[in-house]
Amino acid sequence: MSVRTFQKIVACHDTQAPNLASPVVRERPILVALAGQPNVGKSTLFNLLTGLHQHVGNWPGKTVERKDGRFTFNGVSYQLVDLPGTYSLTAHSPEELIAREFILRERPDVVVAVVDAATLERSLYLVAELLPLPAPVIVALNMMDVAQQEGIQIEPEVLQAALGVPVVPMSATQGVGVPALLETVERMARGELPYAPRLPQIRPDHQEVLEVLSGQIVRYVPEPYPREWVALKLLEGDSEVTRMMREALPPERWAAVHAVLRAHDDAQVAVASGRYEWIGRMMRAAVTRPRIGPIGLTERLDRWATHPIWGLIILVGILGLAFWLTYTVGAPLQGWLENGVGALAEGARSLLAGAPAWLSGLLVDGVIGGVGAVLTFLPILAIFFAMMAFLEDVGYMARAAYMMDRLMHLVGLHGKSFLPLFLGFGCNVPAVMGTRAIESHRARLLTILLAPLVPCTARMAVVAFLAPAFFGDAALLISWGLILTSVLMLALTGWVLNRLMFGGERWAFIMELPLYHLPNWRTIGLSVWLRSLSFVRKAGTVILAVSVVIWALSALPGGDVEGSYLAQLGRWLEPVGRLGGMDWRLTVALLSSFVAKENTIATLGVLYRAGEEGLASLLAATYPPVIALAYLVMQMLFIPCLATVGVIRQETASWRWTLFSVGLLLMISLLAGIVVFQIGAWVAKGI
Amino acid sequence: MLERLLEMLRAGGTHRVSDLARALDATPALVEMMLEDLARAGYVKPVATCTESCASCPLASSCIPAQPGTAWTLNQ
Numbered sequence: 134m135s136v137r138t139f140q141k142i143v144a145c146h147d148t149q150a151p152n153l154a155s156p157v158v159r160e161r162p163i164l165v166a167l168a169g170q171p172n173v174g175k176s177t178l179f180n181l182l183t184g185l186h187q188h189v190g191n192w193p194g195k196t197v198e199r200k201d202g203r204f205t206f207n208g209v210s211y212q213l214v215d216l217p218g219t220y221s222l223t224a225h226s227p228e229e230l231i232a233r234e235f236i237l238r239e240r241p242d243v244v245v246a247v248v249d250a251a252t253l254e255r256s257l258y259l260v261a262e263l264l265p266l267p268a269p270v271i272v273a274l275n276m277m278d279v280a281q282q283e284g285i286q287i288e289p290e291v292l293q294a295a296l297g298v299p300v301v302p303m304s305a306t307q308g309v310g311v312p313a314l315l316e317t318v319e320r321m322a323r324g325e326l327p328y329a330p331r332l333p334q335i336r337p338d339h340q341e342v343l344e345v346l347s348g349q350i351v352r353y354v355p356e357p358y359p360r361e362w363v364a365l366k367l368l369e370g371d372s373e374v375t376r377m378m379r380e381a382l383p384p385e386r387w388a389a390v391h392a393v394l395r396a397h398d399d400a401q402v403a404v405a406s407g408r409y410e411w412i413g414r415m416m417r418a419a420v421t422r423p424r425i426g427p428i429g430l431t432e433r434l435d436r437w438a439t440h441p442i443w444g445l446i447i448l449v450g451i452l453g454l455a456f457w458l459t460y461t462v463g464a465p466l467q468g469w470l471e472n473g474v475g476a477l478a479e480g481a482r483s484l485l486a487g488a489p490a491w492l493s494g495l496l497v498d499g500v501i502g503g504v505g506a507v508l509t510f511l512p513i514l515a516i517f518f519a520m521m522a523f524l525e526d527v528g529y530m531a532r533a534a535y536m537m538d539r540l541m542h543l544v545g546l547h548g549k550s551f552l553p554l555f556l557g558f559g560c561n562v563p564a565v566m567g568t569r570a571i572e573s574h575r576a577r578l579l580t581i582l583l584a585p586l587v588p589c590t591a592r593m594a595v596v597a598f599l600a601p602a603f604f605g606d607a608a609l610l611i612s613w614g615l616i617l618t619s620v621l622m623l624a625l626t627g628w629v630l631n632r633l634m635f636g637g638e639r640w641a642f643i644m645e646l647p648l649y650h651l652p653n654w655r656t657i658g659l660s661v662w663l664r665s666l667s668f669v670r671k672a673g674t675v676i677l678a679v680s681v682v683i684w685a686l687s688a689l690p691g692g693d694v695e696g697s698y699l700a701q702l703g704r705w706l707e708p709v710g711r712l713g714g715m716d717w718r719l720t721v722a723l724l725s726s727f728v729a730k731e732n733t734i735a736t737l738g739v740l741y742r743a744g745e746e747g748l749a750s751l752l753a754a755t756y757p758p759v760i761a762l763a764y765l766v767m768q769m770l771f772i773p774c775l776a777t778v779g780v781i782r783q784e785t786a787s788w789r790w791t792l793f794s795v796g797l798l799l800m801i802s803l804l805a806g807i808v809v810f811q812i813g814a815w816v817a818k819g820i
Numbered sequence: 002m003l004e005r006l007l008e009m010l011r012a013g014g015t016h017r018v019s020d021l022a023r024a025l026d027a028t029p030a031l032v033e034m035m036l037e038d039l040a041r042a043g044y045v046k047p048v049a050t051c052t053e054s055c056a057s058c059p060l061a062s063s064c065i066p067a068q069p070g071t072a073w074t075l076n077q
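Same order as they appear, the protein sequences are chains A and B.
Numbering follows our numbering, in which position 51 of the first sequence is assigned residue number 184; successive positions increment by one, without gaps.
Numbering follows our numbering, in which position 13 of the second sequence is assigned residue number 14; successive positions increment by one, without gaps.
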């Protein structure tokens with residue numbers, strides 16, 4: 134701040150001494166109202182001007198704080214009233230009513246509209262509402278220093294010419310421009326400045342309506358309200374003005390006014406639209422925004438990342454890169470861990486050599502074989518989690534979701550489904566819960582039915598383990614294809630259900646994407662740690678319990694897997710599984726994923742007694758690629774886990790829809806698996 | 002301008018605020034303001050973000066809040 138300026142003003146407050154250099158004498162002080170939206174520096178300016186000479190109370194009949202104060206500057210006395218901070222002057226809140234009633238009733242000599250130069254659009258809306266009121270307005274263009282720091286260039290003279298009212302650039306916190314503001318206020322109060330505000334206009338057809346209304350209310354508008362302003366507010370649907378005129382007009386005249394208003398119920402948008410056009414013109418005339426820095430970089434990157442074609446190619450590329458890195462770095466680590474688990478199983482078997490066979494089987498084949506197999510892919514998961522956390526943290530995942538949403542719209546899917554389905558990539562449970570934001574029952578139901586088709590982290594983890602086990606170097610391509618298949622099935626199912634349930638209605642959805650920024654490694658590290666911990670906990674509880682049950686069913690009654698209860702169940706289901714190329718082991722493993730997706734691996738680990746040898750190599754040796762691919766497709770599209778089904782029941786409050794969801798997904802996964810297997814087998818035969 | 006924005010939304014589809022701003026020759030901040038205005042008038046509605054729906058998620062504690070910015074949808 135200019136210290137001298139501040140001291141000069143404060144000295145004036147403290148002493149109330151007239152400045153002899155400008156011996157102006159007025160009968161009453163100049164009444165100045167300070168208007169502005171919250172956080173534009175209005176209070177700073179008020180405190181700077183009034184110092185200790187301020188009075189704080191409440192507005193009559195309201196709990197809204199009223200501040201007014203007195204000061205002298207250049208020998209002129211001022212009374213300053215700090216109006217409540219408001220964004221507009223429509224009767225939405227007590228603050229807005231107080232501000233406009235003060236200006237209308239007290240008719241201040243000058244209204245100083247304090248605007249934030251850094252967010253000028255927001256402030257100008259209030260200015261657009263102040264200009265039609267019967268008090269001259271001066272725009273105090275505050276926070277010019279902040280705007281300059283942000284690279285925003287504003288030309289106050291151009292803005293002044295465009296607005297038709299004085300504009301004074303200033304910075305209240307630094308005291309810059311305050312004397313110029315006060316001099317302008319004084320000259321305005323004396324009538325020494327030209328004042329020809331350019332008001333916002335409304336569409337010509339609504340202008341005619343405005344004139345009709347104005348004619349109908351003539352002679353009935355209570356003092357001190359200006360007729361044109363009342364007509365505009367009536368057209369805008371202002372509740373207070375409507376109430377006032379309903380009471381002021383004779384019933385037959387009110388009926389006529391009401392009929393005009395009813396015939397133009399879109400006028401509210403038209404009036405506001407005129408103000409926005411006006412703001413747009415002012416901004417285009419006087420403001421230049423920076424094209425460099427984070428906003429410019431984000432825009433440049435988004436030109437590619439959200440391009441209809443390039444955006445998809447980039448999305449596919451980034452997904453592929455994430456899987457490639459996961460496998461390249463994670464696979465050797467997983468191999469070492471598998472050797473470690475094998476050694477542990479061998480050690481346990483030696484240790485338990487003298488123990489009963491069932492105990493050795495339970496611990497080595499059940500616990501180590503099941504839970505151990507699942508835990509071996511912890512490195513792969515941790516790397517995958519790190520990739521996802523990185524993409525989320527730098528802001529790319531929002532772009533990925535945007536591209537996904539565009540795809541969904543292409544098939545006519547509900548835009549409101551976007552966020553819940555987006556959550557589904559983490560876990561299907563919050564995806565189903567997230568549909569609460571959708572008020573339409575049918576739209577909500579559709580989203581709930583589709584949510585399980587979003588590949589959740591657990592499904593992707595299963596793919597991350599099984600794809601390299603089955604396909605080695607081709608795992609990357611297979612993983613990418615599986616995720617693409619899930620998304621395409623989601624789109625296809627959505628398209629069909631949308632047409633069946635919604636008749637192909639279209640929806641609009643608007644979003645803003647966050648700025649790209651450098652990754653915060655601590656946030657990413659924490660996310661990976663917590664997600665990995667959550668996975669290990671799951672391995673120690675649900676997966677452990679299922680492994681033990683699966684082992685028991687595979688060991689009873691005689692200890693032989695082939696003659697076990699589980700084998701009997703699997704063989705009973707095998708005819709269905711065979712259509713998709715699955716033997717009874719794969720069928721049972723798929724079924725066990727109903728409890729938790731990772732159980733597929735645990736079950737295969739138990740059934741193949743994978744403790745010492747390592748599950749990946751056993752699976753690769755057992756199943757040809759065509760069966761493996763059909764199995765992975767079925768696994769990706771299979772009914773969701775028990776927790777998700779439970780939430781579907783809770784959210785639909787219907788067993789019918791829950792069973793429909795389960796049946797639908799069962800059908801989709803089986804059909805997809807059968808198609809893949811049959812085509813694969815046919816192609817293999819041809820070769 | 003508000004009317005043109007409403008027309009664009011009624012045509013359906015997914016829009017970014019910055020794209021709407023470009024089409025309307027306005028700034029993104031002005032479009033945000035118009036959306037808030039349309040929300041007050043009941044034409045659009047802000048979409049609820051990850052709050053209660055995340056409470057049941059086993060990954061909630063480790064989730065980076067990957068909110069895709071402010072989102073709005075057209076009221077039916």
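Even for Gly, the Cβ is constructed at its ideal location relative to N, Cα and C.
- Two segments are said to touch when three or more pairs of C-beta atoms, one from each, lie closer than 8 Å; by this definition the segment 450 to 467 of chain A touches the segment 515 to 532 of chain A.
- Secondary-structure assignment with DSSP links H16(B) through a beta bridge to I643(A).
- Judged by DSSP in its simplified three-state form, L167(A) adopts strand.
- R331(A) carries a coil assignment under DSSP once its states are collapsed to helix, strand and coil.
- Between L182(A) and the set T590(A), A591(A), F206(A) and T509(A), the nearest pair of CA atoms involves F206(A).
- The C-beta of A40(B) comes no closer than 8 Å to any C-beta of chain A.
- Boundaries of the beta strand (DSSP E) around T205(A): E198 to F206.
- Across the set Q783(A), G806(A) and V728(A), the C-alpha of G806(A) shows the shortest separation from the C-alpha of P758(A).
- Around the Cβ of I442(A), a 10 Å sphere holds fewer than 16 other Cβ atoms; the residue is exposed.
- For D215(A), there is no enclosing alpha helix (DSSP H); the residue is part of the beta strand (DSSP E) that begins and ends at V209 to D215.
- A Cβ-Cβ distance of about 6 Å is found for the pair L263(A) and V244(A), placing them in contact under the 8 Å criterion.
- V300(A) is bridged by DSSP to V272(A).
- L699(A) places its beta carbon less than 8 Å from that of S687(A).
- Taking C-beta atoms as the reference points, G713(A) and M2(B) fail to come closer than 8 Å.
- With a beta-carbon spacing of about 5 Å, G502(A) and V739(A) fall inside the 8 Å limit used to define contacts.
- Excluding sequence positions up to five before and after A594(A), its CB lies within less than 8 Å of the CB of F510, I513, L514, F517, F668, K730 and E731, all in the same chain and listed in chain order.
- Contact of Q170(A) with chain B is not assigned, every C-beta pair being separated by 8 Å or more.
- Under the three-state reduction of DSSP output, N191(A) falls in the strand class.
- In this structure, W613(A) sits away from L770(A), with a CB-CB distance that is not shorter than 8 Å.
- Judged by their CB atoms, V18(B) and I285(A) are not nearer to each other than the 8 Å cut-off.
- Between the segment 298 to 312 of chain A and the segment 348 to 368 of chain A, the count of C-beta pairs closer than 8 Å stays below three; the two stretches do not touch.
- For V45(B), the enclosing beta strand (DSSP E) starts and ends at V45 to P47.
- When DSSP states are grouped into helix, strand and coil, D26(B) belongs to the coil group.
- When DSSP states are grouped into helix, strand and coil, D249(A) belongs to the strand group.
- In this structure, E373(A) lies away from Q401(A), with their beta-carbon atoms at least 8 Å apart.
- In this structure, L775(A) and V728(A) form a Cβ contact; the two beta carbons are roughly 5 Å apart against a cut-off of 8 Å.
- In terms of beta-carbon proximity, R23(B) stays away from the interface with chain A, with every pair separated by 8 Å or more.
- The Cβ atoms of R577(A) and T439(A) do not sit closer than 8 Å to each other.
- Interface annotation, A403(A): in contact with chain B, CB-CB separation under 8 Å.
- Taking 8 Å as the CB threshold, E8(B) stays off the interface with chain A.
- The continuous stretches of alpha helix (DSSP H) do not include R742(A), and DSSP gives it neither H nor E.
- In terms of Cα proximity to Q768(A), the closest of E784(A), I446(A), A597(A) and A455(A) is A597(A).
- L167(A) places its beta carbon 8 Å or farther from that of S221(A).
- When DSSP states are grouped into helix, strand and coil, T74(B) belongs to the strand group.
- Sequence-distant Cβ neighbours of S802(A) in its own chain, meaning closer than 6 Å and more than five residues away, are M767, L770 and F771.
- For F604(A), the uninterrupted alpha helix (DSSP H) segment begins and ends at T590 to F604.
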